[in-house]
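Asker:
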Ligand SMILES: CC(C)(COP(=O)(O)OP(=O)(O)OC[C@H]1O[C@@H](n2cnc3c(N)ncnc32)[C@H](O)[C@@H]1OP(=O)(O)O)[C@@H](O)C(=O)NCCC(=O)NCCS
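In the working numbering, the protein residues as written are 2 to 162.
Structure representation (C-alpha cells):
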C-alpha cells in the first residue's frame, strides 16, 4: 500500500433531528449520544477518505459547549485534519439549531483518532491529506502536538481489579 497519494478533502456533513428518545429529563441530548453521533461522523469521513476498514483508537478534547435540545436539528461536520502512516485524525464540529427558529449554535467539537486496518485488524497504510490553508496547517500542527504528548506518556497507571 502506497503512502504517497495526497488527497484534498471536503468536510463530511451529517444531519439529524433530536427526538425525545435520545434526551434526558432536562430535554437535552445525552452526552453519550453526542459522542455516538460524532464518532459516526468521524468514521464516515475516515472511511470516505481512506476507502479502508476503520476503527476508532481514541478521542480527545471533546467539548460540550452548549446543550442540544429536543426538536433541534443538528449538523455534524467531520474533516480529516491529520494523517500519519496508518492513522488519521478527524475533527468533528456539531452545530444545533431550533427547527423553527434561526439560532444556530456551535454545540460540540472534538478530535477522533481513527486507524485503518486490514482484514486481520492490523494497521494499514493510508494516503496523506492535502494541507492547503493556514487553518488546515494550524489543525495539523495541533494534532502533531497531541501525538507528541501521547507518545511522550505511553505508560498509564496500571489497571486495578
Ligand atoms: C487501534 C488499533 C488498531 C491500534 O493497533 P496497534 O497495533 O496498537 O497500533 P500501533 O501501535 O502499531 O499504531 C498504529 C497507529 O495507530 C495509532 N494509535 C494507536 N493507538 C492510538 C491511540 N490510543 N490514540 C491515537 N492513535 C493511536 C498510532 O499512533 C499509529 O499511527 P501512525 O501509523 O499514523 O503513526 C488497536 O488498538 C485496536 O484494534 N483497537 C480497538 C479499536 C476498536 O475496537 N475501536 C472501537 C470500535 S471501532
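Where is the CB? At the ideal position from N, CA and C, for every residue including glycine.
Since we're looking at a predicted model, the values are computed, not measured.
Short of 8 Å in beta carbon distance, which residues of its chain neighbour residue 8, apart from the five on each side in sequence? Order them along the chain.
Answerer: Closer than 8 Å at the Cβ level, and outside the excluded window around residue 8, lie 50, 128, 129, 130 and 131.
Asker: Name the DSSP bridge partner or partners of residue 140?
Answerer: According to DSSP, which records beta bridges pairwise, residue 140 is partnered with nothing at all.
Asker: Nearest-angstrom Cα distance between residue 152 and residue 105?
Answerer: Whole-angstrom Cα-Cα distance: 37 Å.
Asker: Can you check which of these residues, 141, 43 and 35, is closest to residue 67 by C-alpha distance?
Answerer: Comparing Cα-Cα distances from residue 67 to each of 141, 43 and 35, the minimum goes to 35.
Asker: Tell me which residue opens and which closes the alpha helix (DSSP H) that residue 161 is part of.
Answerer: It is not in any alpha helix (DSSP H) - residue 161 carries neither H nor E in the DSSP assignment.
Asker: Under three-state DSSP, which class holds residue 147?
Answerer: In the structure shown, residue 147 sits in a helix (DSSP, three-state: H, G or I).
Asker: Classify residue 71 as helix, strand or coil using the three-state DSSP reduction.
Answerer: Correct three-state label for residue 71: coil.
Asker: Going by DSSP, what residue range makes up the alpha helix (DSSP H) through residue 119?
Answerer: That residue, residue 119, is in no alpha helix (DSSP H); it is neither H nor E in DSSP.
Asker: Counting pairs of beta carbons, one from the stretch 72 to 86 and one from the stretch 137 to 146, are three or more of them closer than 8 Å?
Answerer: Touching, per the Cβ criterion.
Asker: Three Cβ pairs or more, each shorter than 8 Å: is that satisfied between the stretch 30 to 48 and the stretch 95 to 111?
Answerer: Touching, per the Cβ criterion.
Asker: Should residue 114 be counted as a contact of ligand 1 given a C-beta to heavy atom distance under 7 Å?
Answerer: Residue 114: yes, Cβ under 7 Å from ligand 1.
Asker: Residue 60: which of 39, 48, 19 and 46 sits nearest, CA to CA?
Answerer: With distances taken between Cα atoms, residue 60 lies closest to 39.
Asker: Across which residues does DSSP place residue 60 in a beta bridge pair?
Answerer: According to DSSP, which records beta bridges pairwise, residue 60 is partnered with 113.
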